[in-house]
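Q: The structure that follows is given in the form of structure tokens.
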Amino acid sequence: MFGLGPWEIAVILLLVLIIFGAKRIPEVARGLGKGIREFKSATTEISRELTVEDRPPAYRPPVQQTPPNHASPSQTQQPAQQASTAEPAK
6 MFGLGPWEIA VILLLVLIIF GAKRIPEVAR GLGKGIREFK SATTEISREL
56 TVEDRPPAYR PPVQQTPPNH ASPSQTQQPA QQASTAEPAK
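In terms of the working numbering, the sequence shown opens at residue 6 and continues consecutively.
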């Protein structure tokens with residue numbers, strides 16, 4: 006991409022070592038890692054919020070309630086079942 010060879014990379018690393026010093030390089034790398042981690046978490050949080058907002062609301066069919074005065078279907082079937090299980094009249 007940039008055409009960097011091994012000698013150019015070595016010179017860049019040597020300049021970084023001279024500028025920051027051997028004790029400061031781990032601190033700089035640690036700070037850079039924290040920054041990248043925070044950036045990743047922020048981007049995933051934003052993308053999560055955007056995908057939640059893009060979704061249509063979930064469809065929930067209305068709940069049908071039977072009035073309390075009417076018998077439920079299970080109660081209407083019980084007399085028919087009792088009649089069919091009764092002994093035949095002689």
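Just so it is clear, CB atoms sit at the ideal spot from N, CA and C, and this is done for glycine as well. Fair warning: this is a prediction, and the values are worked out from it, not measured in the lab.
#1: Quick one: what does DSSP say Pro66 is sitting in, helix, strand or coil?
#2: With DSSP run on the structure shown, which of helix, strand or coil describes Gly38?
#3: Check this for me: beta carbons of Ile30 and Leu22, under 8 Å apart or not?
#4: In angstroms, rounded to a whole number, what distance separates the CA positions of Gly36 and Glu43?
#5: What does a CB cutoff of less than 6 Å around Glu50 pick up in its chain, not counting 5 residues either side in sequence?
A: Quick look at the numbers:
#1: Taking the sequence shown and counting its residues from 1, the one referred to as residue 66 is at position 61. The answer is coil: DSSP assigns Pro66 none of H, G, I, E or B.
#2: Mapped onto the sequence shown, residue 38 falls at position 33. DSSP places Gly38 in helix when its eight states are reduced to three.
#3: For the purposes of this step, residue 30 is taken as the residue at position 25 of the sequence shown. For the purposes of this step, residue 22 is taken as the residue at position 17 of the sequence shown. Against a cut-off of 8 Å, the Cβ pair of Leu22 and Ile30 comes out as a contact.
#4: Your numbering for residue 36 matches position 31 in the sequence shown. Your numbering for residue 43 matches position 38 in the sequence shown. About 11 Å.
#5: Within the sequence shown, the letter at position 45 stands for residue 50. So no residue of the chain qualifies.
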